[in-house]
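Following: one structure in structure tokens, then a few remarks.
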Amino acid sequence: MLRQYKTRNACWQWSEERMTQAKMSVVNGHLGTRAAVSHFNVPYTNLQGRVQETRIRRDIVNYPNNAQIPTIRTSIGNSTILSPEQETDLVDRRVFHLVVLVIHP
1074 MLRQYKTRNA CWQWSEERMT QAKMSVVNGH LGTRAAVSHF NVPYTNLQGR
1124 VQETRIRRDI VNYPNNAQIP TIRTSIGNST ILSPEQETDL VDRRVFHLVV
1174 LVIHP
């Protein structure tokens, strides 16, 4: 006879509705992220990512039409060190080096 497994962690049983309520309470400033996690019983990292995404979208939408939108981070993680041109140059050099090694071992 198989045992019916019940998870002990209640965060695994969250709904999209509770996640939306938690996100809106954090974005509107009613609760902090950790308080919303414990109150609405949703995973911390999921809520944190959704809050950041909502704040970025809100900042872009509320920016004045005739002003230039400044560069804002649209992803989670460390910022890049190299510019896009430097990255392209580095990739081109690496590809050229690999081609030379294949042609002339």
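Going by the working numbering, the sequence shown opens with residue 1074, and the numbers climb by one from there. All residues carry an ideal CB built from backbone N, CA and C; glycine is no exception. Note that this is a predicted model, so its numbers are computed, not measured.
Residue j beta carbon less than 9 Å from that of residue i
i       : j       : result
Arg1131 : Val1100 : yes
CB-CB length for residue i against residue j, believed under 8 Å
i       : j       : result
Trp1087 : Val1124 : Actually they are not in contact, since the Cβ atoms of Trp1087 and Val1124 sit about 15 Å apart, beyond 8 Å.
Residues near residue i in its chain [Cβ-Cβ closer than 7 Å; skip 5 each side]
i       : result
Leu1104 : Ser1098 and His1112
Gln1094 : Phe1113
Asp1165 : none
Nonlocal neighbours in the same chain, by C-beta distance under 8 Å from residue i, ignoring five residues either side
i       : result
Arg1128 : Val1100
Thr1106 : Val1099, Tyr1117, Leu1120, Gln1121 and Val1124
Arg1091 : Phe1113, Asn1114 and Val1115
Residues of its chain near residue i, where Cβ-Cβ distance is below 6 Å and the 5 sequence neighbours each way are ignored
i       : result
Ala1109 : Ala1095, Ser1098 and Val1099
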